[in-house]
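Some notes on the structure that comes next.
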Amino acid sequence: MILAIVLAVVLALSKRSWACTCVVVGKDASATGQIIVGHNEDDPGRAVVARHLVPPSEEGITGPFEPCSSSVKIEGPTLGYIWSQVRTIPGQSGADCYLNEKGVFIASDNCQDSRQDNEPDLSGGGIVYELRTVLAAKANSAREGVAIATDLLDRYGYGQSGRCYTVADKDEAWMIQVVMGKHYCARRIDDDEVAFMPNHYTIDKVVVGDPRFIISPGLVELAESKGWLVGDEREFDFAATFQDPDSRNRPGNTYRHVHGLRKITGKIWEISDLPFSAKPTRPVDVQDVMDILREHYHGTDDDIRDGEDFSPHYTSVRRICTGTTLESLVIRFRDRPELNTLWTATGRPCTSPFVPWYGGIIGMPKEQFVEDCSTALERQFTFNPSDFDYDDGLAWWAVQDLQSLLDGQYDGEAEKVKAHLEQVERVWLAEDDEVAKKALSIYQEDGEKGAMYLTGQTSDKSEQATSMARYLYKILPKTELSSDLSSMTKGDRYGEITLSFVHDSSVIESTMIFGQGMQSSLSWAKPVIGSLSQEGSRWSVRFRVREATESAIPCRGDFWLYGKDQEGQNIVGKTIIEVTKKD
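Numbers -19 to -1, 1 to 564, taken from mature numbering (1 follows the signal peptide of the UniProt record, and there is no 0), label the letters of the sequence shown in order.
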């Protein structure tokens, strides 16, 4: 009973990363001759991704970082790392990504729901967030990272239901698929194959004793005692054994799995045959992985839209690039970790360029700075609503402005945006090897100057990407929007807000929606029926405050109006409104 209460508290205080996607290219399947990893981080609701440069330390690591989790103490020096922190309310325990100074990349994907032991073996509540943090700070290689992870899981147990950790360096990559308690299976990706992770367990044929696999003590015996085991004590299917049957083939996962493998192998797979990994039709390069992470299934039978869908990001079909995609990462490894390129797209990668962040940087691009990394870690699970205030001075909100504006008129304007980002990105990709080559020659003469050179390259291109987002926002069509309220009380059952705008053609009331930026447009408010009115070219329409704030975070936020006129033209406008809590 006590354990059940503790677990309930953990789930209430922390928010899970729900629907990410990961692609891992073996070194012999890669056009670079080294591992390539791509990852989309997908989390619902209003969020900020803060990027930090964490310096090495001699102080070790002492937890817990997460409420109701085990107290983890790791002694000795820790490594420096680039840290992508996903900031939400409540805090995220399974979303952050890392590239450390030794060239080890860490990301994770939710695999819920797993089959559950009624009394999972947890020490002090187990660990979740601590696992990735320790890996980033201590792993000198992917293989060592797997050893660290399995040791921590054996000691403390895992405190949530179902997750896959990808741990990779230039030579090898592993996926560690974990179940609540002290249960896991780690699988090395074969050098000549590409693995795709869509949010369910994927490790199928586990050969006990094969060095490509590491399984937790007693894993087979547990499955056999519960009647779950698919296979026998020599060879079994981990995914079929430990995935809860109700979550095995969820459409949101299988759509991505099928189309991810389609991009890799050129064939359409049956859902019943989806493999852990497959051989590609040709060597896979960085651009190929970027293309997979941008996939909307365009031109296939699964590119399903109805008349009310303003973009492919919020539809009945879950895309690889979707409305909840907060950032996209592709790591291009090299022999020296300082020369690794962490290609980073802010927000949805279909309309955001991948910016090269180099492993050897010693400073952050100034427009990316949100908070000092030490206090950011302390606040991981205690962010305030004001942390999500709209601030057009930050690069994050510049990109969100562009993507929210575009999402209301995607079909008509997306190609214009893509043309700009492809032109810039093509140059950066072409320059990447030359930048690394020049940096190496500088490093051989002066390490500090080499690091400064890479820092300047990252900063210049990050600033260029932000400037491009602001320029594109400026030139895209938009409707000037005004409202009669500057603030709304969340959940107000009786209040209404009136929006006004100018439009020359007849507006269709039934197409209009209104809501807070970054919240799913499927949850936005519909107009009060019959409230749309016209005086000349000026229109006004009313929305209920309760509906407009139902999914909103109380903060100073950007609110968006989407709609269409009778000629099929889009209406997209923004206003800034403070949402307050009820007294």
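Backbone N, C-alpha and C fix where the C-beta goes; we use that ideal spot for every residue, glycine too.
Looking at C-alpha atoms only, which residue of the options is the closest neighbour of residue i?
i	options	result
D287	R519, L503, E444	L503
S142	A123, K119, D90	D90
P199	C166, T439, T470	The sequence shown places Gly at residue 199, rather than the Pro named in the question. Taking only the C-alpha atoms, the option nearest G199 is C166.
R527	Q500, N551, T470	T470
Q445	A118, Q547, A326	A326
S467	R537, P318, G511	R537
M178	A450, S532, D473, V5	V5
D23	A221, I478, Q73	Q73
Y295	Y139, W505, T13	W505
S531	G544, G498, S514	First, the residue type needs correcting, since residue 531 is Glu and not Ser in the sequence shown. Here the closest residue by C-alpha is G498.
T556	K545, D539, G374	D539
I301	L242, P337, Q349, Y137	L242
G17	Y424, E426, T322, D546	It is Ile, not Gly, that sits at residue 17 in the sequence shown. Nearest C-alpha to I17: T322.
R317	E548, D150, A10	D150
G517	G544, S487, K545	S487
K563	P535, A220, R313	P535
Here's the rule: buried if 16 or more other CB atoms are within 10 angstroms of the residue's CB, otherwise exposed. What is residue i?
i	result
K54	exposed
S104	exposed
residue 570	The first residue shown for the chain is -19 and the last is 564, placing residue 570 beyond what the model contains.
Y454	buried
N365	exposed
Y475	exposed
R263	exposed
I87	buried
V188	exposed
D441	exposed
Q15	buried
Q515	exposed
A411	exposed
H279	exposed
I510	exposed
P330	buried
E153	buried
T183	buried
R169	buried
In angstroms, rounded to a whole number, what distance separates the CA positions of residue i and residue j?
i	j	result
K244	E174	13 Å
T246	K507	43 Å
V160	G428	43 Å
I(-18)	D98	A caution first: I(-18) carries a pLDDT of 37, below 50, which makes its placement in the model unreliable, though a value can still be read off. If I take the Cα positions, the gap works out to 16 Å.
A123	C3	16 Å
residue 581	H20	In the structure as shown, the chain starts at -19 and stops at 564, and residue 581 therefore has no counterpart that could be examined.
L(-9)	V115	Because L(-9) sits at a pLDDT of 36, beneath the cut-off of 50, its placement in the model cannot be relied upon, and the following sentence gives the value as read from the coordinates. C-alpha separation (whole angstroms): 21 Å.
D254	G107	34 Å
V398	T332	6 Å
L307	G328	4 Å
A(-16)	D225	Interpretation of A(-16) is limited by its pLDDT of 39, a score under 50 that renders its predicted location unreliable; no figure is taken from the coordinates.
D213	V201	8 Å
R229	E251	14 Å
S385	V311	24 Å
Q465	Q381	In the sequence as displayed, the identity of residue 465 is Asp instead of Gln. Their backbone Cα atoms lie some 24 Å apart in a straight line.
T59	P37	6 Å
L136	K163	Before going on, a small fix: residue 136 reads as Arg here, not Leu. In a straight line, the C-alpha of R136 is about 8 Å away from that of K163.
M345	Y339	11 Å
I558	C145	39 Å
S52	G75	18 Å
Q547	R231	37 Å
R451	A376	9 Å
A120	L112	11 Å
V67	D77	6 Å
P334	G190	44 Å
E125	D94	28 Å
Under the DSSP definition of a beta bridge, which residues are partnered with residue i?
i	result
M156	T147, R168
G554	T460, L542
R313	I17, T322
Y62	V35, N81
C3	H20, M178
V265	S11
G162	Y139
W537	One detail in the question is off: residue 537 reads as Arg in this sequence, not Trp. Answer is E559, bridged to R537.
L480	S464, V522
W338	L323
T306	D23
V188	E216
N91	R144
Less than 8 Å between CB atoms is the rule here; does residue i satisfy it with respect to chain D?
i	result
F335	The displayed structure is made up of one protein chain only, and chain D is not part of it.
Worksheet item: When the Cβ atoms of the segment 338 to 355 are set against those of the segment 510 to 521, are three or more pairs found closer than 8 Å?
Response: no
Discussion item. Check whether the segment 77 to 88 and the segment 40 to 48 are in contact - that is, three or more C-beta pairs closer than 8 Å.
Written reply: Segments in contact, no.
Practice prompt. Take every Cβ of the segment 270 to 289, pair it with every Cβ of the segment 231 to 241, and state whether three or more of those distances are shorter than 8 Å.
Written response: As far as the Cβ criterion goes, the segment 270 to 289 touches the segment 231 to 241, which means the pair count is three or higher.
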